[in-house]
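Numbering (our numbering), first residue to last: 6 to 223.
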Amino acid sequence: MATALHTLPDLLRPGLDLVFVGINPGERSAARGHYYGHPGNAFWRVLSASPLIARAVTPEDAAALAQAHPLRIGFTDVVKRVLTDSTGITDLELREAAFAFRARIAASRPRTVCFTSTRSFAAIYPVVWRARAWGRQPVPPLEGAEVWVRPSPSGRAAAYHGETTGVLASLAAALRGSRSEPEPIPPPSSRGGKRGEMLGVEPPVAPGRATPRRRARA
6 MATALHTLPD
16 LLRPGLDLVF
26 VGINPGERSA
36 ARGHYYGHPG
46 NAFWRVLSAS
56 PLIARAVTPE
66 DAAALAQAHP
76 LRIGFTDVVK
86 RVLTDSTGIT
96 DLELREAAFA
106 FRARIAASRP
116 RTVCFTSTRS
126 FAAIYPVVWR
136 ARAWGRQPVP
146 PLEGAEVWVR
156 PSPSGRAAAY
166 HGETTGVLAS
176 LAAALRGSRS
186 EPEPIPPPSS
196 RGGKRGEMLG
206 VEPPVAPGRA
216 TPRRRARA
């Protein structure tokens with residue numbers, strides 16, 4: 006009988022500049038005890054080359070980034086259940102986890118959160134887009150934090166890894182107070198259309214509570 010893997014602990018504390026948010030911990034990451042620990046995951050390679058870090062970092066450096074680096078960086082996931090294939094995490098499970106996730110962010114109050122996939126973002130901000138865009142999102146702050154989205158670092162999303170470079174450069178500029186930030190980068194499938202327009206945002210509610218009614222748009 007296989008031994009159940011313990012989930013990854015949240016690397017959260019007050020005073021963080023940035024928190025990266027995934028869907029859930031994978032089995033390889035949980036076994037190693039480090040976020041984005043699968044050898045095929047591009048997270049650390051792309052982060053190392055970005056202006057956020059500009060030095061070589063590995064999964065083993067995650068805990069130190071919350072304290073030692075000039076930009077203090079934390080890590081968490083929306084769902085804490087360990088599962089290699091995140092498609093096994095249902096939309097219902099994501100919605101039910103949203104309330105506890107928001108509480109964790111509220112307790113640490115980072116300046117910025119960056120979701121590492123559109124699916125983890127949509128679990129917290131169920132929005133409708135005419136055309137999506139990576140980067141800073143035009144949504145209400147998440148417990149006081151500005152909200153960003155970057156492409157997934159998973160090996161399955163390798164076609165989007167190049168897009169992450171621009172997103173992280175924009176994020177680094179924003180965190181350092183630069184006003185010369187590039188525009189958000191739309192995924193290839195949406196290029197050529199109108200820039201993404203948010204049509205509606207509903208904050209998640211605690212399990213068992215009624216969902217608030219939407220107001221009609223003026």
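Every residue, glycine too, gets a C-beta built ideally from N, C-alpha and C.
{"Query": "Alpha carbon to alpha carbon, how far is glycine 140 from leucine 10?", "Result": "33 Å"}
{"Query": "From what residue to what residue does the beta strand (DSSP E) around threonine 89 run?", "Result": "It is not in any beta strand (DSSP E) - threonine 89 carries neither H nor E in the DSSP assignment."}
{"Query": "Less than 8 Å between C-beta atoms, sequence neighbours within five positions excluded: which residues of the same chain meet that for arginine 52?", "Result": "Checking the sequence, you will find leucine at residue 52 rather than arginine. The residues are Ile58, Val62 and Leu173."}
{"Query": "Could you give the first and the last residue of the continuous beta strand (DSSP E) run that contains proline 27?", "Result": "Sequence inspection shows glycine at residue 27; the proline mentioned does not correspond to that position. Counting along the chain, the beta strand (DSSP E) containing glycine 27 begins and ends at 23-27."}
{"Query": "Unbroken beta strand (DSSP E) runs of length 3 or more, entirely within the stretch 92-134: which are they?", "Result": "117-120"}
{"Query": "Distance, Cα to Cα, alanine 47 vs arginine 33?", "Result": "14 Å"}
{"Query": "What number of angstroms, rounded off, separates the C-alpha of histidine 166 from the C-alpha of glycine 160?", "Result": "9 Å"}
{"Query": "Please give the ranges of any alpha helix (DSSP H) in the stretch 45-72, keeping only runs that are unbroken, at least 4 residues long and fully inside the region.", "Result": "48-54 and 67-70"}
{"Query": "How is arginine 77 classed by DSSP in three states: helix, strand or coil?", "Result": "coil"}
{"Query": "Excluding sequence positions up to five away, which residues of its chain have a Cβ less than 8 Å from the Cβ of alanine 150?", "Result": "Val24, Ile110, Arg114, Pro115, Arg116, Thr117 and Val118"}
{"Query": "According to DSSP, which residues form a beta bridge with arginine 141?", "Result": "Trp153"}
{"Query": "Under 8 Å by Cβ, that's how I've got threonine 89 and glycine 31 pegged, so tell me the actual separation to the nearest angstrom.", "Result": "5 Å"}
{"Query": "Apart from the five residues just before and just after arginine 184, which ones in its own chain have a Cβ nearer than 7 Å to its Cβ?", "Result": "Only weak support exists for where arginine 184 lies, its pLDDT of 38 falling under 50; the coordinates are left without a value."}
{"Query": "What is the rounded straight-line gap between the Cα of glutamine 142 and the Cα of glutamate 148?", "Result": "14 Å"}
{"Query": "Where does glycine 182 land, buried or exposed, given buried means 16+ other C-beta within 10 angstroms?", "Result": "exposed"}
{"Query": "When burial is assigned at 16 or more other CB atoms within 10 Å of the CB, is glycine 45 buried or exposed?", "Result": "exposed"}
{"Query": "Assign leucine 13 to one of two classes, buried (16 or more other C-beta atoms within 10 Å of its C-beta) or exposed (fewer than that).", "Result": "buried"}
{"Query": "Using the rule of at least 16 other Cβ atoms within 10 Å of the residue's Cβ for burial, across every protein chain shown, is threonine 95 buried or exposed?", "Result": "exposed"}
{"Query": "Please return the same chain residues whose Cβ sits closer than 6 Å to the Cβ of aspartate 86, not counting the five positions on each side in sequence.", "Result": "Strictly speaking, residue 86 in this sequence is arginine, with aspartate absent from that position. The answer, listed in chain order, is Asn29."}
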